[in-house]
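Visitor:
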Amino acid sequence: MSAGDIFDAEELGTCISCGFCLPSCPTYKLTGDEASSPRGRIALMRAIDHGEVDVFDVAAREQGSFCLGCRACEPVCPAGVPYGNLIEDLRNAQWKGRRRPLRIRPLLSFADRGRLIRLAGRLRRHARFSPPSASPATAPEGSDEILMLGCFERSLFPAVSRAAAATLPGIEVPQDQGCCGALHAHNGDVERGEELARRLADRPGRIVSTAGGCAAHIAAVAGRDRVVDYSEALLDRGSLPGPILIDGRPARIGLQDSCHLRNGMGVSAEPRKVISALGAYVEVPGAGDCCGAAGTYALLRRKDSRRVVAPKIAALAVLDLDFLVVVNPGCQRQMIGVLRRARLRARVVHLAELVALAAAEAEAP
Ligand code: SF4
Ligand code: SF4
3 MSAGDIFDAE ELGTCISCGF CLPSCPTYKL TGDEASSPRG RIALMRAIDH GEVDVFDVAA
63 REQGSFCLGC RACEPVCPAG VPYGNLIEDL RNAQWKGRRR PLRIRPLLSF ADRGRLIRLA
123 GRLRRHARFS PPSASPATAP EGSDEILMLG CFERSLFPAV SRAAAATLPG IEVPQDQGCC
183 GALHAHNGDV ERGEELARRL ADRPGRIVST AGGCAAHIAA VAGRDRVVDY SEALLDRGSL
243 PGPILIDGRP ARIGLQDSCH LRNGMGVSAE PRKVISALGA YVEVPGAGDC CGAAGTYALL
303 RRKDSRRVVA PKIAALAVLD LDFLVVVNPG CQRQMIGVLR RARLRARVVH LAELVALAAA
363 EAEAP
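Quick note: the sequence shown uses the numbering used here, first residue 3, plus one each step.
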């Protein structure tokens, strides 16, 4: 691949260098350095495109890796720069073959092996069918939905798909699905990422996702109309269970947004609406800011990941939540660790788990 072939010329040309994106960028907030801002990285990409900077230059590789890929720079951009595509293209050029970071190779290899993912899911007892009860809502007329099981969610948090299936009656749970390819696309293999997403989207029916990163990737490849977040599918059904009570009072519940769900799919009001029905909703300051998980970021840049999440710990410490809700498995893993280290009592749960809990409480005698 030559330097001029790395980026889509039209996408790269969209930026008008206005700088509106700078205050929203977590890495710029950490450093105050233009080079680690969206505008700075786009200038770097242009220099690579023009052959002025080598794509494997040390500073270029550092910026390709330091960026969280959170896409917080997209919704605030007046020119509509598709920054997520640009950073994927940069990593696609920088993280190929032997240049791929060692720590993520086993993950990609796992996500590539459909049989292994399915076996892990079965062993961990992910959702296998749609149970008829324990549900707060009935299936919408003529609904044709399939639940996406995810690859890492199947292994790490299988209770999420079980809760989603239990609270979305009538949804199909195909057992032969593999990875959606988001992990590949975000980590230097755009082609394989698109191939896997298309394979999943070839199935009939609307895909319901419990992972913001996966949903945004499928939407980018197959179209926004092919995929919905769990919260959207739930609200479409029109009824929610009553509040969760703790010592006779509604539970205090906060949310950590998923960057890709919020910035890539435009879904942020829906999970808040669901939570508001399930207890006392508490807006966490900076809920829309990246938690530092960012796919493989916490694995590759642990120190930076902890610097990114640090302001949240202080904010959460004063809120005294009963539950912190997440809508993406990477955020779930990250926030469980963060709250445990900070010795905060809030329980980190996926939104589907919270809805299942509320439904179970409503049905209890
Ligand atoms: S990415 Fe958008 S907001 Fe940022 S400098 Fe370019 S045009 Fe402005
Ligand atoms: S994706 Fe996130 S970290 Fe990267 S430039 Fe945009 S706002 Fe900054």
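Every residue gets a Cβ at the ideal spot worked out from N, C-alpha and C, and that includes glycine.
(1) At a cut-off of 6 Å, is T29 close to ligand 2 when judged by its beta-carbon and the heavy atoms of the ligand?
(2) At which residues does the beta strand (DSSP E) containing V328 begin and terminate?
(3) For I209, which residues does DSSP report across the bridge?
(4) Which of helix, strand or coil does DSSP assign to L247?
(5) In terms of DSSP beta bridges, what is P252 paired with?
(6) Answer yes or no: the CB of G294 versus the heavy atoms of ligand 2, is any distance below 6 Å?
(7) Between the alpha carbons of G240 and E234, how many angstroms are there, rounded?
(8) Buried or exposed: where does F58 fall if 16 or more other Cβ atoms within 10 Å of its Cβ makes it buried?
(9) Hey, would you say the C-beta of A41 is under 6 Å away from at least one heavy atom of ligand 1?
(10) Give me the Cα-Cα distance between A300 and P367, rounded to the nearest whole angstrom.
(11) Would you list, in sequence order, the uninterrupted alpha helix (DSSP H) runs of no fewer than 4 residues that lie entirely inside the region 298-340?
(12) In this structure, does DSSP put R439 in helix, strand or coil?
(13) Smallest Cα separation from E355: which of I44, R208, L198, H128?
(14) Check the DSSP bridge columns for Y283 and list the partner residues they point to.
(15) Have a look at H219 and I18 and give me their C-alpha separation to the nearest angstrom.
(16) Excluding sequence positions up to five away, which residues of its chain have a Cβ less than 7 Å from the Cβ of D51?
(17) With a threshold of 6 Å, establish whether the CB of C17 neighbours any heavy atom of ligand 1.
(18) Compare the beta carbon distance of C27 and C79 with 7 Å and say whether it is the shorter of the two.
(19) Quick one: does I173 have its CB under 7 Å from some CB of chain C?
(20) State the Cα-Cα distance for the pair P331 and A45, rounded to the nearest angstrom.
(21) CB R254 to CB A289, shorter than 7 Å?
(22) CA-CA distance, D259 and V269?
(23) By DSSP, does S135 sit in helix, in strand, or in coil?
(24) Counting only the same chain and skipping the five closest in sequence on each side, list residues whose C-beta sits under 6 Å from that of A74.
(25) Output yes or no for whether 7 Å exceeds the beta carbon distance between G116 and G214.
(26) Measuring only from the beta carbon, is Y85 closer than 6 Å to any heavy atom that is part of ligand 2?
(27) Quick test of the definition: if touching needs 3 or more C-beta pairs under 8 Å, does the region 223-230 touch the region 189-209?
(28) With a threshold of 6 Å (Cβ to nearest heavy atom), would R73 be considered close to ligand 4?
(29) Nearest by alpha-carbon distance to L104: which of V329, L302, V311 is it?
(30) Mapping the DSSP letters down to three states, classify E54 as helix, strand or coil.
Guide: Reading off the structure:
(1) As a first step, residue 29 is located in the sequence shown; it is residue number 27 there, counting from the start. Checking every heavy atom of ligand 2 against the Cβ of T29, one is found closer than 6 Å.
(2) For the purposes of this step, residue 328 is taken as residue 326 along the sequence shown, with counting starting at 1. Segment 325-328, the beta strand (DSSP E) holding V328.
(3) What you label residue 209 is simply residue 207 of the sequence shown in a count that begins at 1. Paired residue(s): I148, V229.
(4) The residue you call residue 247 lines up with position 245 of the sequence shown. In the structure shown, L247 sits in a strand (DSSP, three-state: E or B).
(5) Your numbering for residue 252 matches position 250 in the sequence shown. Here P252 is bridged, per DSSP, to L247.
(6) Translated into the one-based positions of the sequence shown, residue 294 becomes position 292. It does not: the Cβ of G294 is nowhere closer than 6 Å to a heavy atom of ligand 2.
(7) In the sequence shown, counting from the first residue as 1, residue 240 sits at position 238. In the sequence shown, counting from the first residue as 1, residue 234 sits at position 232. Straight-line Cα distance between these residues: approximately 10 Å.
(8) The count along the sequence shown starts at 1 and reaches residue 58 at position 56. Per the 10 Å Cβ criterion, exposed.
(9) Numbered from its first residue, the sequence shown carries residue 41 at position 39. Going by the sequence as given, residue 41 is Arg instead of Ala. Within the cutoff, so yes.
(10) Position 298 of the sequence shown, counting from 1, holds the residue named residue 300. Position 365 of the sequence shown, counting from 1, holds the residue named residue 367. Cα to Cα, the separation comes out at about 43 Å.
(11) 299-302, 304-321
(12) As shown, the chain starts at 3 and ends at 367. That puts residue 439 outside it, with no answer to give.
(13) Reading the sequence shown from its first residue, position 353 is the one you call residue 355. Comparing Cα-Cα distances from E355 to each of I44, R208, L198, H128, the minimum goes to H128.
(14) Looking up residue 283 in the sequence shown gives position 281. Answer by DSSP bridge pairing, in chain order: I255.
(15) Along the sequence shown, one-based indexing puts residue 219 at 217. Along the sequence shown, one-based indexing puts residue 18 at 16. Cα-Cα distance, rounded: 26 Å.
(16) Within the sequence shown, the letter at position 49 stands for residue 51. Cβ neighbours of D51 beyond the five flanking positions: A5, G6, I8, F9, L14.
(17) Counting from one through the sequence shown, the residue named residue 17 turns up at place 15. Answer for C17: yes, Cβ within range of ligand 1.
(18) For this step, residue 27 is matched to residue 25 along the sequence shown. For this step, residue 79 is matched to residue 77 along the sequence shown. For C27 and C79, no; Cβs fall outside 7 Å.
(19) Judged by its chain identifiers, the structure shown contains no chain C, having just a single protein chain.
(20) If you number the sequence shown from 1, residue 331 lands on position 329. If you number the sequence shown from 1, residue 45 lands on position 43. For the pair P331 and A45, the Cα-to-Cα distance works out to about 33 Å.
(21) If you number the sequence shown from 1, residue 254 lands on position 252. If you number the sequence shown from 1, residue 289 lands on position 287. No, these two residues do not count as a Cβ contact at 7 Å.
(22) Locating residue 259 in the sequence shown gives position 257, counting from the first residue. Locating residue 269 in the sequence shown gives position 267, counting from the first residue. Looking at the two C-alpha atoms, the distance is approximately 9 Å.
(23) Counted from its first residue, the sequence shown places residue 135 at position 133. Note on S135: pLDDT 45, under 50, position unreliable in the model; the coordinate value appears next. Coil, per DSSP.
(24) Along the sequence shown, read from residue 1 onward, the residue named residue 74 stands at position 72. Around A74: S26, N265.
(25) Residue numbering aside, residue 116 sits at position 114 when the sequence shown is read from its first letter. Residue numbering aside, residue 214 sits at position 212 when the sequence shown is read from its first letter. No, these two residues do not count as a Cβ contact at 7 Å.
(26) Counted from its first residue, the sequence shown places residue 85 at position 83. Yes, Cβ of Y85 sits closer than 6 Å to a heavy atom of ligand 2.
(27) Three or more Cβ pairs drawn from the region 223-230 and the region 189-209 lie within less than 8 Å of each other, which places the two stretches in contact.
(28) As presented, the structure is devoid of ligand 4, carrying ligand 1 and ligand 2 as its sole ligands.
(29) One-based indexing of the sequence shown puts residue 104 at position 102. Closest option to L104, judged by alpha-carbon separation, among V329, L302, V311: L302.
(30) Sequence index remark: in the sequence shown, residue 54 carries index 52 (1-based). The answer is coil: DSSP assigns E54 none of H, G, I, E or B.
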